[in-house]
Amino acid sequence: MVILSVGFLGVQNAGAEDGYRLWLRYARVEDPALLKTYKSTFSSVVVQGKTETDRAILKELQEGFQGLLGKSLPTSDQPQEGALIVETPQSSPQFFPPRWEKELQDLGEGSYVIRSMEVNGRHVTAIASESPVGCLYGAFHLLRLLGTHQPVENLDLSEGPKVKRRVLDHWDNLDGTIERGYAGKSLWKWQELPGHVDDRIRDYGRACASIGINGAVLNNVNADPKILTSAYLVKVAALADALRPYGMRVYLSANFGSPKALGDLPTADPLDLQVIAWWKVKADEIYKLIPDFGGFLVKANSEGQPGPNDYGRSHDQGANMLARALASHGGVVMWRAFVYQDSVDKDRIKRAYKEFTPLDGKFDPNVFIQVKNGPLDFQPREPFSPLFGAMPKTPLAAELQVTQEYLGHSTHLVYLGPLWKEFLDSDTYAKGRGSKVEKVVTGELDGHGDSLIAGVANTGDDRNWCGHPFAAANWYAFGRLAWDPSLDSQVIAQEWARLTWGNNDQVVAPIVDLMTRSREAYVDYTCPLGLNGVFEKDLHYAPDPGMVDPRREDWSAAYYTRADAKGLGFDRTRSGSDAVDQYHKPLPDRFNNFKTCPEPYLLWFHHVSWDAIPWDGKMPCGNTLWEELVSHYGNGVEKVRLMKQTWEYLKGKVDGERWGMVDEKLKQQVKEAAAWRDKCLKYFQGFSKKPIPNNS
Ligand code: GCU
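Its first residue numbered 605, the sequence shown is counted upward by one per residue in the numbering used here.
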């Protein structure tokens, strides 16, 4: 019997509540009865596999049990009473019931079962999968059950991911800065690589694996071509090696102009034979170093990035050229649909749809079109992008933004679970009622075998990873929803709260309550009723509803708000830009009609105005537009005050270190919410000429 020592950085800092350990704190179970049951259920651990992942599983279980139960589980080769057996058909053919194989195959790659059972008359718990990585996911699931104080004596669980590729997109630059990053510098210390791989990379891999994330795009979509030089590829390979045991594949953002930018060729034309050969050689070089390399993410012909259009070629020609370089190696291309050339349509939000829908069916099978959740750009609230449901022949990847570019950076507490659920639950009606975005993304609606959800990461090298202790909940929720988009965001919040703040119901309930209401509060004090684009230039943090950006009309706030003496909002009805008709029936009619358009999207689709009684006509809810606006802004501020009060109630009930950190940030949020309200209402008042009631 060998007792392994635990050496994770997390454990060395076991006492410190500085947020480093995220939801993997493995805090001691204090309820004596529960502790007793847990201790009697688990006596030893059997891990017969010899892969690096198996070693990672063993370490994690050791660390988890040590923390949770205060006892390390001795390892054993034989299942004794109370053994926890980690098994694949390869590692443990003697224990692995053959009937489980079919079940696991049906559940897909990475699936697992966790079962309480008898082996040779002894009570044991099995974590079984077709692969070590599936076992790792199973081990994290079991630790989550223990960490959230669930019963574990009679387990019969089986789980498989609903989305195959669950990827974090890091917008990290090679100089260590992070585009839209609010938690310090990049986790990848390029100057130290490949010689030294920071321990933190492994902890990043653990955190990702614990929520099922299985891929990372390492660099910014605004990609520096240098990432594809041999000097950088060996560094990428070192990161890939460190992350592989945790089931993580690395991907890279590729600059479409690389063959030219790196000085190798005079052109990057995707039909040029030398260009085609260049990418093929580059792909071969990458796969020699990283045999499981995931593929390329490409931002082409968007915001100044090079692309096939520069050579008179189309998106499919560009994407397919890259896809063919990767295909024999099993790699994929994630081609972004974040394009908005103003020659395409006067209304920015219609452009991606108009460019991409005619290309449906023209992409190679290993190309994903990666689409942001909304048609604009990660606003606090947008309707879903009409591309979902409009390209049935192409696997569409959903791109969510975990980092809070437009949602208060790492200063405002905004739990994004409800935002993502609103998107995933939206009905596209592509194949009649029930054709939810979720089904488009899982591939179920159109029968695609491969599927992908990407989240723009919010991690950095701040000690607590995400800057705000609650921002980690968004990393957590992203992973859980990518694994299973049908999960409930409140249930996810509960899980995260228990693992992060402890199992005291008096703590968990208020925290979950505060999280659940935070996104709507943010929408209320920043851009209620379907407003959007009201942010200051470039930083996208503070309000600037009157902002005019001389560089582009569609980067100006006024382009979106369209406030005038009669009313407010962007007319996208049939008498306006007709964006409503990019959706499947019955949505166009619903959105087109002022009376049936959901109020949260009203000013997104309508310029709400009245000729005879400017700003004074009644909204469908019965209030005037001005009254509604004032009330939403005021309510938003009030809701944040309540969040702050809830937090004050928690003083002394959670550790002072993290409590203080959150309290400071909430103080600032309360102030800034009021500033948002005042600045926006003042701006709109310039058009409405109505009084702002004192108590708003
Ligand atoms: C937004 C964001 C940029 C980013 C871009 C993208 O516009 O502000 O920083 O590069 O989205 O998604 O490509």
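Positions of the beta carbon are idealized from the N, C-alpha and C atoms, including for glycine.
Going by the C-beta, is residue 903 closer than 6 Å to any heavy atom of the ligand GCU? yes
Is any heavy atom in the ligand GCU found nearer than 6 Å to the beta carbon of residue 975? no
Return helix, strand or coil for residue 756, following the three-state DSSP convention. coil
Inter-residue Cα distance where the pair is residue 1166 and residue 1172: 6 Å
Counting pairs of beta carbons, one from the stretch 791–800 and one from the stretch 1111–1124, are three or more of them closer than 8 Å? When C-beta atoms of the stretch 791–800 are compared with those of the stretch 1111–1124, fewer than three pairs fall below 8 Å, so the two segments do not count as touching.
Go through its chain and collect everything with a Cβ distance to residue 921's Cβ below 7 Å, but skip five positions before and after it. Excluding sequence neighbours, residue 921 sits near 874, 875, 912.
Using a Cβ-Cβ cutoff of less than 7 Å, which residues in the same chain neighbour residue 1035 once the five nearest sequence positions on both sides are dropped? 1049
Can we say the stretch 1124–1141 touches the stretch 1197–1217, given the rule of at least three CB pairs closer than 8 Å? yes
Sort out for me which residues DSSP pairs residue 1056 with in a bridge. 769
If you follow the beta strand (DSSP E) that residue 972 is in, where does it begin and where does it stop? 971–976
According to the Cβ coordinates, are residue 621 and residue 1259 closer than 7 Å? yes
Residue 1227, buried or exposed, once every other Cβ within 10 Å from all chains shown has been counted against 16: exposed
Tell me which residues share the same chain as residue 1280 and place their Cβ nearer than 6 Å to its Cβ, disregarding the 5 neighbours each side in the sequence. 1129, 1130, 1147
Apply the 10 Å Cβ neighbour rule to residue 1152 and answer buried if 16 or more other Cβ atoms are within range, or exposed otherwise. exposed
Quick one: what's got a C-beta closer than 6 Å to residue 1218's C-beta in the same chain, skipping five residues either side? 1169, 1170
Neighbour-count burial assignment, residue 632, 16 or more Cβ in a 10 Å radius: Exposed, because fewer than 16 other Cβ atoms sit within 10 Å of the Cβ of residue 632.
Is it the case that the stretch 1239–1254 contacts the stretch 1266–1283, given that we only count it when at least three CB pairs across the two stretches are under 8 Å? yes
What does DSSP give as the partner residues of residue 658 in its beta bridges? Paired residues: none, contrary to the question.
Would you kindly work out how many angstroms separate the C-alpha atoms of residue 697 and residue 732, rounded to a whole number? 11 Å
Whole angstroms are fine: how far does the CA of residue 758 sit from the CA of residue 652? 23 Å
If we require 4 or more residues per run, which alpha helix (DSSP H) segments fall completely within the stretch 1093–1158? 1093–1105, 1109–1130
Determine the contact status of residue 1332 and residue 1021, defining contact as a CB-CB distance below 7 Å. What is shown of the chain runs 605 to 1300, which leaves residue 1332 out entirely.
Does residue 1326 pass the burial test, meaning 16 or more other C-beta atoms within 10 Å, or should it be called exposed? Residue 1326 is absent from the structure shown; the chain starts at 605 and stops at 1300.
On the criterion of 16 or more Cβ atoms from any shown chain inside 10 Å, does residue 1293 qualify as buried, or is it exposed? exposed
Are three or more beta carbon pairs between the stretch 664–682 and the stretch 734–749 nearer than 8 Å? yes
Roughly how many whole angstroms lie between the Cα atoms of residue 1291 and residue 1230? Using only the alpha carbons, I get a separation of about 11 Å.
Have a look at residue 726 and residue 681 and give me their C-alpha separation to the nearest angstrom. 14 Å
Report back the beta-carbon spacing between residue 1023 and residue 972 to the nearest angstrom; my notes put them in contact at under 8 Å. Actually they are not in contact, since the Cβ atoms of residue 1023 and residue 972 sit about 22 Å apart, beyond 8 Å.
Beta strand (DSSP E) runs wholly inside the stretch 1013–1090, at least 3 long, in chain order: Note on the stretch 1013–1090: whole beta strand (DSSP E) runs with a minimum of 3 residues are 1056–1060, in chain order.
Which partner residues does residue 727 have in the DSSP bridge list? Answer by DSSP bridge pairing, in chain order: 722.
Are the C-beta of residue 936 and some C-beta of chain B separated by less than 7 Å? Protein chain content of the structure displayed is limited to a single chain, and chain B is not contained in it.
Closest by CA to residue 1018, which one among 659, 1295, 885, 1062? For residue 1018, the nearest C-alpha among the options comes from 1062.
How is residue 1252 classed by DSSP in three states: helix, strand or coil? helix
Using only the heavy atoms of the ligand GCU, determine whether one of them is closer than 6 Å to the beta carbon of residue 1136. False, no ligand heavy atom lies under 6 Å from that Cβ.
For the ligand GCU, is there any heavy atom lying closer than 6 Å to the beta carbon of residue 981? yes
Quick test of your reading: residue 784 and residue 1007, contact by CB under 8 Å. State the CB separation rounded to the nearest angstrom. 5 Å
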